[in-house]
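Residue numbers (our numbering), protein chains in the order written: chain A, 311 to 616; chain B, 687 to 1074. Where a beta carbon is used, it is the ideal one built from N, C-alpha and C, also for glycine. Keep in mind the model is a prediction, meaning the values are calculated, not measured. Below: the structure, in structure tokens.
Encoded structure:
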């Protein structure tokens, strides 16, 4: 396998992993601090993508629409938290799963009613539609490089926010031991709403950035939500560092598996079998990885608690 | 009293001879990324019915729509509902071959004729041929075989193939290989409805093929072409596609990057015949957009049903008579694609053209016909069909 192929696949896995990180970060914080399993996280991703597509049509500019979409989705997330999800914190996980699953169904139908069943197109901004020449004579889609850039930037900002600011300290305290944090006088309600809104904004960013590559369609959140859960289990609930490492790992295994396994199998099996087997096995490998981590370190790689 | 029952029974028996209305079960994919194709076919179909005054073959026509969402299991269940609960007397509409193959046994049991506006799997037209299945579109391998002929005429040393991993995808590579007859450097099958082609495109770049043939209909094609162009591959690798991957639904979504792509199709928007001009003008007026080949297929399906029902005088339950009427229908109608014949296995035998994506006189992006790739191409698998 040539270096160029390897390099391109490495960039692809970085791109995918960073987008997964945006979703996993919000999810792990909500699970870690509020102890709530939020299946509707994928719906926020979908809503973010749809709002972005709509705003791009209204404003005509990708870069103008992006911050607007983030704010709008954060507001949707905050509204959801204040109205519905707040009642779920005290309940057990199964109730939370059922309730947030209902939110998924409602969100899907609402989106279908507003925008119709067809998937809508979201195009990359002008200027990022072509390739960029990389050292080594390789061309890579400039938009994917932009995604990597945005992902790294957000990771750095989140790192700064969580480790160096007071708000971040409250978040870490809440994730580490919620009862103690409440006992120490942290205004837990406001913190929860803020964390949820931040998670929603991150989802929207992922949805808006991935929209031009994938289609913006009803139910787009479900698949990526499952991967996000795998990431936070691997990385450790409540830990942003864990979410980062976990998402890069999952992105690597998924992309490399999808790319390399068919090549390996093509030497042994006919093309239709190899093409089926490769992606199937690579998705199994993600869960094998998760099982291995759970076996060796049940709290995940970087647990926030204890 | 008994006389009344006998009279009623006799009345029923007489009524069973000729239908007095058409109830068409329309099972199609109308949502999701691939739904755009279903919507195109449906719009062409509805246009023909509207232009005929809501009657086909002189009979008042009711169309009942069902959305299979590209789920074979759902398609099967919906077919059953259309046949048993809604009691349709004709069926049509299926876009995707995996849904078609799943629903076909149910449709066969229902003993109604199915007129295919799109998917025409070789499994149903070859050895498994059946009088109840008649296609108004093309045999699944048709466009691909024509594309293979075109690639051969361009003298490409070898071809790299990419198609989704489902029955029509396999029909595509089989048909293309037969038309091309040359060396195949790689055959890659992607997941149906896969959206991110970064891995496959990286492999294509590394393989440096002489040319690439990609069958990726609907939303898959949109994403593939966008990513193909964004990754800079459009400058490195010549791309040949079948008409489905380069028509209006994709042009609307991708835009200018598609200029210069060559594709093969059984129809082009600028075909020089009266029926086509009428169809294109009516479609643009009704739907405010340029029709794609899918719309033409839906339109021709309705015309076919109309001609057949008219010549069979409404006797659609009379299987041999209606089948004969369907076989003869192409000669009794004027389709936008021009003249075509029906082979004995129920598939069209027609010409395939070479088109290129270019701007028309109004500056809009369309597929212009630039030549004929192969004339009178039929279904290769018709030879396996033992029907008379």
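- At a C-beta separation below 8 Å, residue 757(B) has no neighbours in chain A, since its nearest C-beta there lies roughly 12 Å away.
- A direct Cα-to-Cα measurement between residue 403(A) and residue 411(A) gives close to 12 Å.
- For residue 367(A), the uninterrupted alpha helix (DSSP H) segment begins and ends at 351–369.
- Cβ contact annotation for residue 528(A) (same chain, cutoff 6 Å, sequence separation greater than five): 418, 421 and 422, in chain order.
- The DSSP-derived three-state label of residue 346(A) is coil.
- Here the alpha carbon of residue 968(B) sits roughly 15 Å from the alpha carbon of residue 980(B).
- Cβ-Cβ distances below 7 Å link residue 335(A) to 468, 512, 550 and 553 in the same chain, with the five nearest sequence neighbours on each side left out; the list follows chain order.
- Around residue 856(B), the beta-carbon contacts reaching into chain A at under 9 Å are 582.
- Non-local beta-carbon contacts of residue 873(B) in its own chain, meaning distances under 7 Å to residues more than five positions away in sequence, involve 847 and 859 in chain order.
- Here residue 982(B) really is in contact with residue 730(B); their C-beta atoms are around 6 Å apart, less than 8 Å.
- Taken through DSSP and simplified to helix, strand or coil, residue 883(B) comes out as coil.
- Cβ neighbours of residue 996(B) within its own chain (closer than 7 Å, five residues either side excluded): 743 and 744.
- Not a single C-beta of chain A is nearer than 8 Å to the C-beta of residue 748(B).
- Neighbours of residue 441(A) across chain B, judged by C-beta separation under 7 Å: 916, 917 and 918.
- DSSP places residue 784(B) inside the alpha helix (DSSP H), whose first and last residues are 783–796.
- With three or more CB-CB distances shorter than 8 Å, the stretch 493–505 of chain A counts as touching the stretch 379–396 of chain A.
- Straight across, the Cα-Cα distance linking residue 395(A) with residue 962(B) is about 57 Å.
- The C-beta separation of residue 897(B) from residue 923(B) comes to about 7 Å, placing the pair in contact by the 8 Å criterion.
- Within its own chain, the residues whose Cβ lies closer than 6 Å to the Cβ of residue 324(A), once the five positions on either side in sequence are excluded, are 458, listed in chain order.
- Comparing alpha-carbon positions, the option among 1017(B), 1037(B) and 988(B) lying closest to residue 736(B) turns out to be 988(B).
- In the DSSP secondary-structure assignment, residue 748(B) is bridged to 709(B).
- Cα atoms of residue 780(B) and residue 441(A): separation of roughly 38 Å, rounded to the nearest angstrom.
- Annotation: residue 613(A) to residue 542(A) spans about 10 Å, alpha carbon to alpha carbon.
- Taken atom to atom, the span from the alpha-carbon of residue 329(A) to that of residue 516(A) is near 6 Å.
- Among the CB atoms of chain B, one or more fall inside 8 Å of the CB of residue 525(A).
- Residue pairing by DSSP places residue 1041(B) opposite 949(B) and 1055(B) in a beta bridge.
- Within chain B, no C-beta atom comes nearer than 7 Å to that of residue 482(A); the closest sits roughly 34 Å away.
- One alpha carbon belongs to residue 833(B), the other to residue 1059(B), and they sit about 8 Å apart.
- The Cβ atoms of residue 472(A) and residue 482(A) lie closer than 8 Å to each other.
- Just so you know, the alpha carbons of residue 902(B) and residue 857(B) end up roughly 13 Å apart.
- The alpha-carbon of residue 918(B) is positioned some 6 Å away from that of residue 449(A).
- Of all residues in the stretch 855–885 of chain B, those with a C-beta nearer than 8 Å to a C-beta of chain A are 856, 872, 873, 874, 875, 876, 877, 881, 882, 884 and 885, reading in chain order.
- Under the three-state reduction of DSSP output, residue 842(B) falls in the coil class, being neither helix nor strand.
- The DSSP-derived three-state label of residue 919(B) is helix.
- By the beta-carbon neighbour count (other beta carbons within 10 angstroms, threshold 16), residue 598(A) is exposed.
- The count of Cβ pairs closer than 8 Å, one atom from the stretch 1059–1073 of chain B and one from the stretch 1037–1046 of chain B, reaches three, so the stretches are in contact.
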